[in-house]
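2 is the number of the first residue of the sequence shown in my numbering; add one for each residue after it.
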Amino acid sequence: MEDKSQAHEDIVLNIEMDQKEETNKEEEEAPELPLPKTKQFNRLDSLDKEANKISTMSSASKVVSIATVMQLAYQSIGVVYGDLGTSPLYVFSSIFPDRVPSHGDILGALSLIIYSLTLFPLIKYVFIVLWANDNGDGGTFALYSLICRHSKVSAIPNQNAEEMELSSYQLNLPTKNLKRSEMIKKAIEKSTWAKTMLLSVALFGTCMVIGDGILTPCISVLSAVDGVRKIDAGISQDVVAMIAVAILVVLFSIQRFGTDKVGYTFAPAILVWLSFIGAIGIVNLMRHDHSVLKAFNPVYIVYYFQSDPKKAWISLGGVVLCMTGTEAMFADLGHFSVRSIQIAFTGLVYPCLICAYLGQAAYLSFNPNDVSDAFYKSTPESVYWPMFVIAVLASIIASQAMISATFAIVKQSMALGCFPRVRIVHTSHKHEGQVYIPEINFVLMFACVLVTASFKDTTNIGNAYGIAVVAVMLVTSCLLVLIMLMIWQMNLVLIAGFVLVFGSFELLYFSSVLYKFTNGGYLPLSFAAVLYFVMYVWHYVQTKRHEFEVEHKVSAQYLSSLGSDLGISRVPGVGLLYTELTQGIPAIFRHFLTNLPAIHSVLVFVSVKYLPVNKVPTEERFLLRRVGSKDYKMYRCIVRYGYKDRRIASSEFEQLLKQNLDTFILNESWEEGEGAEIEACEEERNFLDKSWSSGVVYLLGHSEVKASEESGLLKRVVVDYAYDFLRRNFRQGFVDLQIPNKSLLQVGMNYQI
């Protein structure tokens, strides 16, 4: 219950702003103000079914003006493309770490780079994956959320069977592929193993993205700072590593200013960087060897593998680094828009990267011994130091892409019950998806400093980086194929072509990066294993807690037997009792009646429900219903929102809740239409006003979750120790609610799961 309570703060700001806008418009048109919109239904004590319905649960992309798209495209250069844009710093040195390449090797490697950039970032992500967004939001969990919304495969607490009714595919016209889609959905829905595997894949992808966010700053900053050896070739690697560590600390220190400010600040530097590497690439191409343009012919890839198949296969682990940061285009989508990402990549990033790699290959054709430092060696002497300064700035900015993606994906995971509670700070009033998470920022900084200080060079970090990059791509492909089958309902031939082209190459790349497992490749998998354990433990216990709530809810007969006074004194005031249930009376209610000498004159059961969407329309945020007869003065309130909705202070939530309760009571009397009912309505509204003026108290259960006596050893360790450690060391529910101590009342309760 605590973990769901954190979200109620999210409901206020958007509703209040929209209501003010509506009110201002109506003041100009009519002398009287209409009552605010509130959903209300019959007097049955259940909102289980209605709680899952909102009118706009579709995957339509955000509609924005051309000016806004161009503005976001400019911003995305500094946030999204720093990682991908700085890959020329280390790609060729990673492809040939311990050998001098021949001219044929250079052409083959260049051809691999060109077609890797074309196939994956350009075709797969820009033109396919970006359209699998969840109402404009991207990332691994957005794909999982999209699948959950269209079928009953969610393993997330407080998601019920009625969610099938909100699937947008029911609004689609019948097609020849609809029957196949239905069969696949039913097969997955019936299989507990399939649901668990689907969640596990989503969690694994999330963990690898976070691992990517750790390794990106390390390799980018180290690669750029290495150019300082131009001053003195005798500078040790330890000194280079310490300089990189200092830069990393500064980078993470400025994250609190937000993606919006960081993006605008850094976008010019990345713009200059991309222009420089593109221009230098063209100069090198003209100065050294324009024959490398032959690499656009993919036959040179075949020649490359024919010359030495094993070495060519191993070198794929270096080639894959040219695609680092590709996932950021999708993971950071919530900060921008599909069109802005597409315009920035196709119009600027892709051409500049191709020119940069062509220029380096042209230089290496005549200077193959410089392959270990291809970027700086190929830079003309006249612009070396300006390029060094811009490279350091660009490498710092490169880290921003995956840091922003990590913040976004952790917020999604937490909102869907798969990550412990952390503090979410919304850093922009203009763009909803831009967030900053202090705890995650500190963990990332600590891990980056540790990795940089330990490895000190880019070779082993590059080996680790490759595994993280390809693993995330594979997870995205797996979830995307499911979306193609179930939601997009595409032709099987097209789906098979997608799997054959992209899946086969990704598996080939993955086999190559795994070959270097012992040389640093274990690092991202170690990070992923720890994160996966934390996320799965948290999700597992949250699921079991919800099941416990459902099994032990109070019966209607028990409530009726108490009478309108509930068997104890009713004192003036309003009590907001938080529960995970959307129907029935929670077990904690009986606990309150047993342990408290009195209860409030007005009692509201508040349930915060996460829907698998990024946002819920403000007019559909609240659902209200009575619990028992009117004499009980008890209500049920469901507060629904998506994983991108904002949180806000409890005082404004109270004001908004009172307003909606008042409207609910008034609408109810109008429906009944009898004079006596209208009179009773006025009395009830006055009673509500008096109770509210007496004060509002938040009633929370302070739960202790323990494994049941018949549980095995593993379950006891997971629940009694692992989960308990996470619960005690992460944020508590009442902290997120921002409840004043004088308004908080907690009663302890044990959960045996």
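Think of the CB as a built atom: it goes at the ideal place given N, C-alpha and C, for glycine as much as any other residue.
### Query
So what's Y91 in DSSP terms, helix, strand or just coil?
Walking along the sequence shown from the start, residue 91 turns up at place 90. Three-state result, Y91: coil.
### Query
In the structure shown, what three-state DSSP assignment does I342 receive?
Working through the sequence shown from its first residue, we reach residue 342 at position 341. Helix at I342.
### Message
Mapping the DSSP letters down to three states, classify V628 as helix, strand or coil.
### Response
Taking the sequence shown and counting its residues from 1, one reaches residue 628 at position 627. Of the three classes helix, strand and coil, the one that applies to V628 here is coil, per DSSP.
### Query
So, H703 versus G643, is the Cβ gap smaller than 8 Å?
Along the sequence shown, one-based indexing puts residue 703 at 702. Along the sequence shown, one-based indexing puts residue 643 at 642. Cβ atoms of H703 and G643: not closer than 8 Å.
### Query
Are three or more beta carbon pairs between the segment 519-538 and the segment 479-487 nearer than 8 Å?
no
### Task
Report yes if the C-beta distance between G214 and A406 is below 8 Å; otherwise report no.
Against the sequence shown, residue 214 aligns to sequence position 213. Against the sequence shown, residue 406 aligns to sequence position 405. A contact, by the Cβ cut-off of 8 Å.
### Task
Give every residue of the same chain whose Cβ lies closer than 6 Å to the Cβ of I283, excluding the five residues on either side of it in the sequence, and list them in chain order.
Taking the sequence shown and counting its residues from 1, the one referred to as residue 283 is at position 282. So the qualifying residues of the chain are C356.
### Query
Considering only C-alpha positions, which residue in the set G568, L563 and P587 is nearest to R546?
Position 545 of the sequence shown holds residue 546. Among G568, L563 and P587, the Cα nearest to that of R546 belongs to P587.
### Task
Return the CA-CA distance between V757 and Y752, expressed in angstroms with no decimal places.
Residue 757 cannot be examined here, being either before or after the span of the chain that is shown, 2 to 754.
#### Entry: I148 versus A268 - alpha carbon distance
On the sequence shown, position 147 is the one that residue 148 refers to. On the sequence shown, position 267 is the one that residue 268 refers to. Cα to Cα, I148 sits roughly 34 Å from A268.
### Task
Rounded to whole angstroms, what's the CA-CA distance from L495 to Y301? Just pull it up for me.
In the sequence shown, the residue the question calls residue 495 occupies position 494. In the sequence shown, the residue the question calls residue 301 occupies position 300. Going from the Cα of L495 to the Cα of Y301 covers about 28 Å.
### Meets three-Cβ-pair contact criterion under 8 Å: the segment 184-200 and the segment 350-364
no
### Query
Does the count of Cβ pairs from the segment 121-130 and the segment 326-346 closer than 8 Å reach three?
yes
### Message
By alpha-carbon positions, which one of E507, T544, R647 and V706 ends up nearest to T428?
### Response
Numbered from 1 along the sequence shown, position 427 holds the residue referred to as residue 428. Selected option, being the one with the closest Cα: R647.
#### Entry: Every unbroken alpha helix (DSSP H) within the segment 365-404, with a cutoff of 4 residues, ordered by chain
375-378
### Query
Alpha carbon to alpha carbon, what distance is there between Q238 and A203?
Against the sequence shown, residue 203 aligns to sequence position 202. Against the sequence shown, residue 238 aligns to sequence position 237. Rounded to the nearest angstrom, the two C-alpha atoms are 38 Å apart.
### Query
Can you pull the DSSP bridge partners for M635?
Counting from 1 along the sequence shown, the entry for residue 635 is found at position 634. L604.
### Query
For the beta strand (DSSP E) that contains Q1, what are its first and last residues?
Residue 1 lies beyond the range of the chain shown here (2 to 754); nothing can be said about it.
### Query
So what does DSSP say about F623, is it helix, strand or coil?
Within the sequence shown, the letter at position 622 stands for residue 623. DSSP places F623 in strand when its eight states are reduced to three.
#### Entry: For E705, the three-state DSSP class (helix, strand or coil)
Walking along the sequence shown from the start, residue 705 turns up at place 704. Reduced to three states, the DSSP call for E705 is strand.
### Task
Specify the secondary structure class of R729 as computed by DSSP and reduced to three states.
Stepping through the sequence shown from its first residue, residue 729 is reached at position 728. Residue state, collapsed to three classes: helix.
### Message
Beta-carbon within less than 6 Å of W314's beta-carbon, same chain only, minus the 5 sequence neighbours each way: which residues are those?
### Response
Here residue 314 refers to the residue found at position 313 of the sequence shown. So the list reads S513, once near-sequence residues are dropped.
### Task
Kindly list the residues whose CB is nearer than 6 Å to the CB of P755, restricted to its own chain and excluding five residues on each side of it in sequence; keep chain order.
There is simply no residue 755 to check, as the chain begins at 2 and stops at 754 in what is shown.
#### Entry: Residue span of the beta strand (DSSP E) that contains S744, given as start and end
The count along the sequence shown starts at 1 and reaches residue 744 at position 743. Note, S744: premise wrong, no beta strand (DSSP E); not H, not E.
### Bounding residues of the alpha helix (DSSP H) (the contiguous stretch that carries S562)
Here residue 562 refers to the residue found at position 561 when the sequence shown is read from its first residue. It spans A557 to L563 - the alpha helix (DSSP H) in which S562 sits, taken as one unbroken run.
#### Entry: Top-ranked residue by Cα proximity to T460, from V246, D227, V697 and S146
In the sequence shown, residue 460 corresponds to position 459, counting from 1. That would be D227, whose Cα lies nearest to the Cα of T460.
### Query
Where do the N-terminal and C-terminal ends of the alpha helix (DSSP H) with R591 fall, by residue?
Along the sequence shown, one-based indexing puts residue 591 at 590. Residues A588 to N596.
### Unbroken stretches of the alpha helix (DSSP H), 4 residues or longer, contained in the segment 437-496
439-456 and 459-487
### Message
Here's a check: name, in chain order, each residue in its chain whose Cβ is nearer than 7 Å to the Cβ of F370, leaving out the five neighbours to either side.
### Response
Here residue 370 refers to the residue found at position 369 when the sequence shown is read from its first residue. Per the sequence shown, the amino acid found at residue 370 is Asn instead of Phe. Once the five neighbours on either side are set aside, the close Cβ partners of N370 are V101.
#### Entry: Nonlocal neighbours in the same chain, by C-beta distance under 8 Å from M491, ignoring five residues either side
The residue you call residue 491 lines up with position 490 of the sequence shown. For M491, where only same-chain residues beyond five positions count, the Cβ hits under 8 Å are N178 and M485.
### Task
Count the other CB atoms, across all protein chains shown, that sit within 10 Å of the CB of P299; report buried if there are 16 or more and exposed otherwise.
Residue mapping note: residue 299 aligns to position 298 of the sequence shown, counting from 1. Classification for P299: exposed.
### Query
Which residues mark the beginning and the end of the alpha helix (DSSP H) in which G235 is found?
Indexing the sequence shown from 1 puts residue 235 at position 234. Taken as a continuous stretch (DSSP letters only), G235 belongs to no alpha helix (DSSP H), as it is neither H nor E.
### Nearest candidate by alpha-carbon position, reference T69, set W671, F534 and H336
Indexing the sequence shown from 1 puts residue 69 at position 68. For the residues W671, F534 and H336, the minimum Cα distance to T69 belongs to H336.
### Query
Considering P218, what are the terminal residues of the alpha helix (DSSP H) in which it resides?
Position 217 of the sequence shown, counted from the first residue, corresponds to residue 218. Its alpha helix (DSSP H) spans residues T193 to V226.
### Task
Pull up the CB-CB distance for V572 and A599, whole angstroms please, since I reckon it's below 8 Å.
Reading the sequence shown from its first residue, position 571 is the one you call residue 572. Reading the sequence shown from its first residue, position 598 is the one you call residue 599. So it is a contact: roughly 5 Å between Cβ atoms.
### Query
Can you check whether the CB of M209 is closer than 8 Å to the CB of A529?
Within the sequence shown, the letter at position 528 stands for residue 529. Within the sequence shown, the letter at position 208 stands for residue 209. Contact: yes.
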